[in-house]
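Residues are numbered in the working numbering as their position in the sequence shown, beginning at 1, plus a constant of 1490.
All remarks here apply to the structure that follows.
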Amino acid sequence: MQAFRVLLLLTAPFMVATALAQDFSAQPSVWSARPDIAAFDKSENAQLAAAQRAIDALVAVKGPRTIENTLAVYDEAVRHINSALYLASVIEQVHPDTAFRNKATAMISKSSAVQTALSLNPDAYKALAHLDLGGADAATRYYMQRQLLEFRLSGVDRDDATRARLKKLQDELTNEQSAFGRNISDDEKNVELKDRSELEGLPQDYIERHKAGADGKTLISTTYPDYYPVMKFAKSDALRRRILIAFYNRAYPKNAEVLKKMMQTRYEIATVLGFSSWADYSAKDKMIGSGANIATFINDLATTTRPIAERETAMLLTEKQKIHPGAKDIWDYESSYYPELVRRAKFDFDSQSVRPYFPYKQVEQGILDTAAKLFHVTFRQEANAPAWDPSVETWDVLDNGKPVGRFYLDMHPRPGKYSHAAMYPVLDGIRGKQLPEAALLCNFPAPTADDPGLMEIGDVTTFFHEFGHLMHHILGGQQRWAGISGISMEADFVEAPSQMLEEVIHSPAVLAGFARHYQTGQPIPVELVTRMNRASAFRRAGNVATQDAYSAISYDVYKSNPAGIDVDQVAQEDMRRYTPLQLTPGTHFYAAFNHLAGYSSAYYTYMWDDVIALDFYAQFDVGNPFTGDTAMRYRHAVLEPGGSMSANDLVKAFLGRPQNMVAFKRWMGEEFATSTAKAQ
Ligand SMILES: [Zn+2]
């Protein structure tokens, strides 16, 4: 069974100086002053003090509320708070000095507290609610509608007693969420090998890393680098089964209790605010709109997925029967192992064979060239620009020669640095006032004098994904207001532009631009791309089925009064209903399903955005996405609006209709496509 997906984007919302003109000569980079801890602390506090002055000015207005004396002042507060929060969030993840990172963590808490206080400030709410929007443009009216909704969802318009109760419930929820996460990270388990032969099938470097201890015992832990290779490669059914049982009992039974409390707390928050369930409450400010729509989406997805997933399962079973004649089912502890065997046997693809075509520097240039060609922008590296680490590159984005944004590429591992991949906003773009900035934080192999830093295809995909977020934040960062700039929008849309850009790497025309063998300079053979694409398509439907089951669990535990919900039963039934797998008894994987704390009922977001992304990409010539004006239409309709209109409307603006599952279905079954010409 595959992992829960991680949202590779920080949605939590600096700068040293405010630029007054849209020109980089007037907007120095956020690190241009090379701050030490004291200077960083000072500039962050200056941002928060400016935000507080704006909030005080906002509530002090006498007389009619206008866009200038109210909304413009409110948005200044938003801009300053975001600037403080964004920079502290990046620095917490990247600064080489631990003390600096600790200071950043403290500034995140401080900025978040200011943000929360503003969201619960009834005077600020009343000021915006009394705003005269006559003559305001559509984006401004939409901004106010969203802000007032968010204020009401926080309960700011309720009486003092209700607000006090909501505050208490929110504090409880925060504690329950952090307990849920802590219980997972604190409960690392170990499985002992019965015999070294159980490691058969695993890569040699893995076997060498797992030597027997002085007591003769070899332990395999439930950490990801230990667990996933066993599930994929270990020939021993018994080992895979034992480690799955350990993995699926992390944080159990502790988190069964914590989850029950979280469900109850969330139900109370929702009902106090007049909603019948947490799922309905949580969906209110999202594209999907209601809990019932989540249920419909999960069912539609299941109907679309099932026939393809069954076809894949039949192939897995055929492979299994070579080893276990007469086998009738695929078990959860076999669900990563047999796909690997099928990929090798049926699709003749070894992922190591493409790495020589992807040395890091060539990939970086290739991504910049691809984005430049698609979106008609140019990228210019700032020479000798100071950043938090000497390895960080600073780039300007230009549109028709005019600067429209800046980004930082912090792409290789360092001790103490963030260990995943994400796009972090650094500054909101405000037309005529402030250029958007963002940082990509990744952990790709660094090129050295004798090693070009060869990347896995999965790493190349991740780079395109994160660059999709970056283009969205920069090109969507030309708004009148900070609060609707870039990716400040419905939370269940933000993964669509990133997932869309991932798709372009399946195009031979895109790969031809940069995938060249690091020794011979030969372009990647089209035949190899075709095999790679077919192999990577295998088991998409099975993975979607599992993601759909997780979405169903995430919805079902929050869809009603939790009094009557048996979580173990819900989890088992949803897995059985949506996936073709047999489940190992005695497991409670939901106890370590951390999204139940953070995403709550919105796990569907991943699949929802996959459906949209694939529908978007189907509008392109998938063989050569540079063809025609589709990419520019996409830039104008989807990326440039940022959060200035509803995501449902910008989907319709680009597609001419709401999204549907036609392209998604074709993508799921691509390994069965008869014509290789159509293989993307
Ligand atoms: Zn992402």
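Even glycine gets a Cβ: it sits at the ideal position worked out from N, Cα and C.
Reduced DSSP category for residue i - H, G, I as helix; E, B as strand; rest coil
i, result
"residue 1507", "Low confidence applies to residue 1507: its pLDDT is 36, below 50, so where it sits in the model is not reliable, and the reading given next is rough at best. In the structure shown, residue 1507 sits in coil (DSSP, three-state: anything other than H, G, I, E or B)."
"residue 1512", "With a pLDDT of only 49 at residue 1512, under 50, the local geometry of the prediction cannot be trusted, and no value is derived from it."
"residue 1977", "coil"
"residue 2010", "coil"
"residue 1892", "strand"
"residue 1612", "helix"
"residue 1647", "coil"
"residue 1885", "strand"
"residue 1797", "helix"
"residue 1821", "strand"
"residue 1623", "coil"
"residue 1938", "strand"
"residue 1815", "coil"
"residue 2073", "coil"
"residue 1849", "strand"
"residue 1778", "coil"
"residue 2109", "coil"
"residue 2119", "coil"
"residue 1924", "strand"
"residue 2144", "helix"
"residue 1637", "helix"
"residue 1897", "strand"
"residue 2183", "One cannot answer for residue 2183 here, as it falls past the ends of the chain, which runs 1491 to 2170."
Beta carbon of residue i nearer than 8 Å to that of residue j
i, j, result
"residue 1795", "residue 2031", "yes"
"residue 1710", "residue 1749", "no"
"residue 1961", "residue 1861", "yes"
"residue 1989", "residue 2100", "yes"
"residue 1621", "residue 1614", "no"
"residue 1823", "residue 1727", "yes"
"residue 1712", "residue 1737", "yes"
"residue 1918", "residue 2138", "no"
"residue 1886", "residue 1900", "no"
"residue 1556", "residue 1548", "no"
"residue 1534", "residue 1597", "yes"
"residue 1755", "residue 1830", "no"
"residue 1969", "residue 1574", "no"
"residue 2046", "residue 2034", "no"
"residue 2135", "residue 2037", "no"
"residue 1731", "residue 1720", "no"
"residue 1991", "residue 1963", "no"
"residue 2131", "residue 1966", "yes"
"residue 1751", "residue 1690", "no"
"residue 1745", "residue 2077", "no"
"residue 2013", "residue 2006", "yes"
"residue 2192", "residue 2113", "This structure cannot speak to residue 2192, because the chain is shown only from 1491 to 2170."
"residue 1810", "residue 1799", "no"
"residue 1516", "residue 1523", "no"
"residue 2087", "residue 2153", "no"
"residue 1950", "residue 2115", "no"
Limits of the beta strand (DSSP E) - the one that residue i falls within
i, result
"residue 1912", "1912 to 1917"
Minimum Cβ-Cβ distance from residue i to chain D less than 8 Å
i, result
"residue 1887", "Of the protein chains in the structure, only one exists, and it is not chain D."
Continuous alpha helix (DSSP H) stretch holding residue i: start and end
i, result
"residue 1868", "Run containing residue 1868: none in the alpha helix (DSSP H); it sits in the beta strand (DSSP E), 1868 to 1871."
"residue 1728", "1727 to 1737"
"residue 1927", "Where residue 1927 is concerned, there is no enclosing alpha helix (DSSP H), although the beta strand (DSSP E) it sits in stretches over 1927 to 1931."
"residue 1748", "1744 to 1762"
"residue 1989", "1986 to 1993"
"residue 1771", "1768 to 1773"
"residue 2157", "2152 to 2158"
"residue 2085", "2085 to 2088"
"residue 1829", "1827 to 1837"
"residue 1960", "1947 to 1965"
"residue 2002", "1998 to 2002"
Distance cut-off 7 Å: residue i Cβ against heavy atoms of ligand 3
i, result
"residue 1910", "Ligands displayed in this structure: ligand 1; ligand 3 is not among them."
- Task: Pair every Cβ in the region 1913 to 1927 with every Cβ in the region 1935 to 1943, then say whether three or more of these pairs are closer than 8 Å.
- Result: The region 1913 to 1927 is not in contact with the region 1935 to 1943.
- At what residue ranges does the region 1678 to 1725 contain a whole run of the beta strand (DSSP E), taking only runs of 3 or more? For the region 1678 to 1725, whole beta strand (DSSP E) runs of length 3 or above, ordered along the chain, are 1680 to 1682 and 1709 to 1711.
- Would you check if there are 3 or more beta carbon pairs closer than 8 Å linking the region 1619 to 1635 to the region 1571 to 1586? Short answer: they don't touch.
- Message: Quick check: the region 2119 to 2134 against the region 1853 to 1873, are at least 3 beta-carbon pairs closer than 8 Å?
- Response: A contact exists between the region 1853 to 1873 and the region 2119 to 2134.
- Query: At which residue ranges does the region 1524 to 1590 contain complete alpha helix (DSSP H) runs of 4 or more residues, listed in the order of the chain?
  - Reply: Complete alpha helix (DSSP H) runs here, min 4: 1527 to 1550 and 1562 to 1584.
- Message: Just to confirm the assignment: which complete alpha helix (DSSP H) runs, minimum length 4, are found wholly within the region 2017 to 2061?
- Response: Complete alpha helix (DSSP H) runs here, min 4: 2030 to 2046.
- Assess, as a yes-or-no matter, whether the region 2084 to 2094 is touched by the region 1767 to 1774 under the definition of 3 or more beta carbon pairs within less than 8 Å. Segments in contact, yes.
- Touching or not, the region 1811 to 1825 and the region 2068 to 2075, by the rule of three or more beta carbon pairs under 8 Å? Cβ pair count under 8 Å is three or more, so yes.
- Query: For the region 2146 to 2163 against the region 1654 to 1674, are there 3 or more C-beta pairs whose distance is under 8 Å?
  - Reply: Because the criterion of three Cβ pairs below 8 Å is not met, the region 2146 to 2163 and the region 1654 to 1674 do not touch.
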